[in-house]
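A short write-up of the structure that comes next.
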Amino acid sequence: MVSHKPVRKVVDQLQDIASQKCISMHQIVVSFGEASFLPILMVIALLLISPLSGIPLFSSLCGISTAFVASQMFMGRDHLWLPDVIGRQQVTGQRLRHGIQRLGGLADWLDDHARRRLMPLVRGPAKKGLQLLCILCGLCMPFLELVPFSSSILGGAILLFSTAILTRDGVFALMGLALMAFAAFVPITVFGAVIF
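Using my numbering, you'd call the opening residue of the sequence shown number 2 and step up by one each time.
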């Protein structure tokens with residue numbers, strides 16, 4: 002078990018930010034620190050899992066943000082940059098509080114079950130591979146905007162990949178891969194039902 006509870010810490014900090022009247026993406030980045038790539042990636046993933054993902058175009062914004070964050074992490078940048086058009090996007094504090102109020106239990110579960118396992122899956126080239134998968138998940142989201150639950154499933158995969166890298170737990174990396182594979186079947190099933 003990981004003693005410092007990194008996922009819970011991200012949720013708690015997000016809840017603190019939610020006390021404000023209005024929160025922009027730029028404020029979230031400043032709050033967590035411009036060098037905090039993984040926590041910011043986890044924040045976006047948690048928002049995708051929350052009911053906020055039902056807001057029109059919210060999933061697309063989160064997907065593009067994920068791609069920006071993960072690509073800069075992949076390139077080894079020492080600080081995060083987001084375009085103004087993304088940084089200015091806002092959500093009300095009330096809506097954010099409502100969206101994340103039940104995420105504490107998920108964060109505790111991830112922290113309680115995280116331990117250093119299958120570490121070759123989260124180091125070196127494999128770590129870069131997980132970052133690439135996060136980029137891929139982000140880029141897919143705008144195209145899956147109308148597919149129910151697809152963005153939340155991909156958000157779950159991103160959260161698992163991020164937690165795997167942060168806690169050096171290769172089991173979470175495998176779980177993320179399984180969830181990503183499942184996400185690929187959702188649009189196929191939905192579109193198949195519509196066509197046939």
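Don't be surprised by glycine CBs; every beta carbon is placed ideally from N, CA and C.
So residue i and residue j are supposed to be a Cβ contact under 8 Å. How far apart are they, rounded?
i, j, result
"Arg47", "Leu104", "Correcting the residue type first, residue 47 is Leu in the shown sequence and not Arg. Indeed they touch by this definition, with Cβ atoms about 5 Å apart."
"Leu111", "Val8", "5 Å"
"Ile154", "Ala184", "4 Å"
"Leu15", "Ile101", "6 Å"
What did DSSP end up calling residue i once you bin it into helix, strand or coil?
i, result
"Ser37", "coil"
"Val148", "coil"
"Ser51", "coil"
"Ile56", "coil"
"Met76", "coil"
"Trp110", "helix"
"Gln1", "Nothing can be reported for residue 1: it is not among the residues displayed for the chain, which extend from 2 to 197."
"Leu180", "helix"
"Arg103", "coil"
"Pro1", "Missing from the structure shown is residue 1; the chain here goes from 2 to 197 and no further."
On the DSSP bridge list, what partners appear for residue i?
i, result
"Arg118", "Asp170"
"Ile24", "Val92"
For the beta strand (DSSP E) holding residue i, just list the boundary residues, first then last.
i, result
"Gln91", "91–93"
Go to residue i, then tell me how far its alpha helix (DSSP H) extends in each direction, as first and last residue.
i, result
"Ile18", "7–18"
"Val123", "Looking at the DSSP string, Val123 is not in any alpha helix (DSSP H), and its letter there is neither H nor E."
- Message: Taking 8 Å as the cut-off, does the segment 133–153 touch the segment 56–63 (at least 3 CB pairs, one atom from each stretch)?
- Response: yes
- Message: Under 8 Å, with one C-beta from each stretch per pair, do the segment 174–184 and the segment 120–139 reach the 3-pair mark?
- Response: yes
- Query: With contact counted as at least three CB pairs below 8 Å, one residue from each stretch, are the segment 89–105 and the segment 149–169 in contact?
  - Reply: no
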